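Beneath this line is the structure, given in structure tokens, with notes to follow.
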Amino acid sequence: MLKIIRDSLLIEGRNSPRLLSDLAGLEQYIAESYNSRSFIELLQNADDAGARRFVILRDGQFLLIANDGRPFTKEDFESLCRSASSSKIRGSNIGYRGIGFKSVAGFAEKIHLISGQTEATFSRKRTAMELPEVTRVPLIRIPHELLNEERMQFEKPVDVLKEQGFKTIFIFTDLIVSSIESEFSLLDETSLLFLKNIIQIDIRTDTKTIINARREQKNNQTHTINLAGSNGATVWTILEQNGLSLAFIHDENGITRLNEQESVVHAFLPTYEATGLAVKINGDFSTDPSRTRIVFDERTTKITEYAAKSVINIISGALNNIDEKLYAQFLIPLIPFTDPKITRLQRRSFKTIFLSTIEQNAKDVFNDLRCRPSWLNVIDYDQLTESLGIRSIPRKFDASEGLEVFLRFLGAKSATFEELALGIEHVTLTLAGAAEIIAYIVKLNMSNNIAADAIKPKWRVWPVNGVLHCLDEVKEISATLDRNFVDLIAEKVGSNSPFRRLLTELLDEQGVSKILPQENRKKESQPNTGIVLSDQTTPKFTKETFSKRLSLKRWRSAEQQVFLLLQGKGWDVEDVSRQNIGYDIEGKTLQGREVYIEVKSIDYPGQSFIMTSNEEAVARQKGDAYYLALVYQTNDWLEVAFIEDPVSQLALTRQCRNWVWECTSYNFLPNRIQLE
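Residue numbers (my numbering): 3 to 678.
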């Protein structure tokens, strides 16, 4: 086989010396284009040969790269020698151009090949001696017989590799050290993510590194991959649709967002193209010869559209609560890193084209989706949209950073007051929600954009002693509106005057005076002189109370620390700190009792802290189900004190700084937990 192919190529070289010189130039171009990616190309070739293992071995002056895949056939060997010649079919194999192997010309002057019965040497010096009439010869074109004296120099490591089951071995000599070191440093273990066969990369150089991949099929669309290497272990979920794959990384809590630097497109192997989303995307994209940049031809356009539709299907499925396992867990990583409207102004790239393709394909999917307006809290918004059958973002995604911006880019709109007003008389609002609705109407009324009679007579939005009434009921019982309700409106509007003016349009001046509380009323309570809370109602933390090992890191926020503490105790809790609903954590105790916890970080025990009017109103409404968690953190310790029903237990002073409640006196009786 060697003689037949060698003689044929020598004849071609003698007949076309200029062409051979041109091929030498092409080889140099390929080596430069594939800079620091030669190992990856050899990895791809091994995967195409069905290899399960891939090894890189440094032995003195030699570098050996081997795999246990199918040995070279005559067609394989001829493709190796010829530029841009390959028997591989695009889509069924990772590499299809037949030029990737030429990239190794960038880090070695001589290459030997041992594969099954095939043994050969590639050497510029020997080729030049065979073809003296050619001014410039390529390294990988004319194969030569492997000389016994050369074989003896690396026979021992080759025999070891053969005994270990490796069938194809490349031996590189006269190495260019700087290029080799660059290759080692840039070999990315995520290169295994989208390979079809290889499960282990073994690097035996000055330091031994083994990268293992374990694949587990979950269903016909998803499988997980566990990658373990020198940088630690990572877990990935791969979602496959229409010949396209999305890769989602895991943290200790499950699927999470991948960092922006790693969120790149793979054409089976990693490129330099950013996806714009917190995932990796793999498909049969067209690339430049270096396989690092995407080429935007018809095939790439088609694959990009498949990817866009997959993203839209996942988002739509998650918002419609179709399948928690299949859709909801994948949603957050699909939120772009930057506002898509800003991204579209950037230079043309895969990221800009991909986001534009998603936008075009989402035109009719999200037009009826309504986003929560900023003036209404998520709890009452959920009640109203559910009662009216309005399609909205589920509460569990409400605080997902960037999601609303992305959905607006895809066609979603804010729910209008007119849409939501239709449901007010059919739901029981929270006190905070009632105040937000009235405050919004007051603001519109101030600018003459709405009349006072927009407040319908049947609306139960007027609280007396914590119970919501319609306005006629308040007048009938000659009651006074709750002070915290009026304070909440004043806080949102800026003062009490606009609210009073709106009320005069609904009532006469005398009626307004009756239902508004006196301006100088003060909260009467005694300073907390020591709260004794039962173990049934207040979380206590000792080693024995935790259902799983805690790992509290110094860098975490106070809210995250308390959340992990409660989770470790076995409570069923949810972090709602970004939803602006008057508390940071909600959930249930082991006994099934509902709890609502607002976290306050203090710099020292005894430091005063404030509660917003919204927090105070919610605390009053929730009573002994509402807790304050006071968090004091040092370099080594976390101290958390829980105060149940703070409105009743603490002395809160109403301060006129955007209407807040200040506590200056309390006992700090913390649980103490060591930090890592």
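Each residue gets a CB set at the ideal place from its N, CA and C atoms; glycine is no exception.
All of these numbers come straight from a predicted model, not from anything done at the bench.
Own chain partners of Asn228 with C-beta closer than 6 Å, once the 5 adjacent residues on each side are dropped: Arg216 and Val237
Taking the alpha helix (DSSP H) that Ser667 falls in, what are its first and last residues? Counting along the chain, Ser667 falls outside any alpha helix (DSSP H), and DSSP gives it neither H nor E.
Nonlocal neighbours in the same chain, by C-beta distance under 7 Å from Asp190, ignoring five residues either side: Pro272
Contact defined as beta carbons within less than 8 Å: I believe Gln490 pairs with Ala434. What is the distance between those atoms, to the nearest angstrom? Looking at the sequence provided, one finds Leu at residue 490 rather than Gln. Leu490 to Ala434, Cβ: 7 Å. Contact.
Assess contact between the segment 382-391 and the segment 423-434, defined as three or more Cβ pairs (one per stretch) separated by less than 8 Å. Is contact present? yes
Test item: CB-CB of Phe487 and Ala437 under 8 Å: yes
Just verifying my parser: in three-state terms, what is the DSSP assignment at Arg349? coil
How many whole angstroms separate the CB atoms of Ile690 and Phe339, which I take to be in contact at a CB cut-off of 8 Å? For residue 690 there is no data in the structure shown, the boundaries of the chain being 3 and 678.
Tell me which same chain residues have a C-beta within less than 7 Å of the C-beta of Arg138, skipping the five on either side of it? Ser23 and Ala26
Leaving out five residues before and five after Ala441 in sequence, what residues of the same chain have Cβ atoms less than 6 Å from its Cβ? Ile491, Lys494 and Val495
Give the single residue among Ile452, Gly404, Leu409 and Leu567 whose Cα lies nearest to the Cα of Phe419. Ile452
For Thr591, I'd like the list of residues in its chain whose CB is within less than 7 Å of its CB, leaving aside the five on either flank, ordered along the chain. Trp573 and Val597
Distance CB(Ala122)-CB(Leu279) smaller than 8 Å: no
Spell out the partners DSSP gives Ala643 in its beta bridges. Leu632
Between which two residues does the beta strand (DSSP E) containing Gly231 stretch? Thr224 to Gly231
Could you pull the start and end residues of the alpha helix (DSSP H) that Arg55 belongs to? Taken as a continuous stretch (DSSP letters only), Arg55 belongs to no alpha helix (DSSP H), being part of the beta strand (DSSP E) at Arg55 to Asp61.
To which residues does DSSP link Phe124 through a beta bridge? Ile113
Since Asp70 and Ala53 should fall inside the 8 Å C-beta cutoff, what is the C-beta to C-beta distance between them, to a whole number of angstroms? 5 Å
In the structure shown, what three-state DSSP assignment does Lys164 receive? helix
If you reduce the DSSP assignment to three classes, tell me which class Arg397 lands in. helix
Quick one: residues in its chain with C-beta nearer than 6 Å to the C-beta of Leu149, no 5 flanking neighbours on either side, listed in chain order? none
For a quick check, are the C-beta atoms of Phe408 and Ile337 less than 8 Å apart? yes
Whole-number beta carbon distance between Arg16 and Leu133, since they are thought to touch under 8 Å: 6 Å
Quick one: using the 10 Å Cβ neighbour count with 16 as the cut-off for buried, is Ala643 buried or exposed? buried
Unbroken beta strand (DSSP E) run spanning Asn315, endpoints: Counting along the chain, Asn315 falls outside any beta strand (DSSP E), though it belongs to the alpha helix (DSSP H) covering Glu300 to Leu321.
Below 8 Å, how does it come out for the segment 283-296 and the segment 361-370: are there three or more Cβ pairs, yes or no? no
By the 10 Å Cβ neighbour count, where 16 or more other Cβ atoms means buried, how is Thr209 classified, buried or exposed? exposed
Is it buried or exposed, Asn379, if we count other Cβ atoms within 10 angstroms and call 16 or more buried? buried
Hey, quick one: how far does the beta strand (DSSP E) through Glu600 stretch, first residue to last? Glu596 to Ser603
For the beta strand (DSSP E) that Gly15 lies in, which residues bound it at each end? Run containing Gly15: none in the beta strand (DSSP E); it sits in the alpha helix (DSSP H), Leu4 to Asn17.
Beta-carbon within less than 6 Å of Val106's beta-carbon, same chain only, minus the 5 sequence neighbours each way: which residues are those? Ser40
Would a C-beta distance cut-off of 8 Å place Val466 and Phe501 closer than the cut-off? no
If the criterion is Cβ atoms closer than 8 Å, does the pair Ala310 and Asn284 meet it? no
Between Thr345 and the rest of its own chain, which residues show a CB-CB distance below 8 Å, the 5 nearest in sequence each way excluded? Gly278, Pro338, Lys353, Thr354 and Leu357
Between the Cα of Ile675 and the Cα atoms of Tyr668, Asn669, Asp638 and Trp663, which residue gives the shortest distance? Asp638
Please identify the residue among Gly319, Tyr585, Leu195 and Asn450 whose C-alpha is closest to the C-alpha of Val266. Leu195
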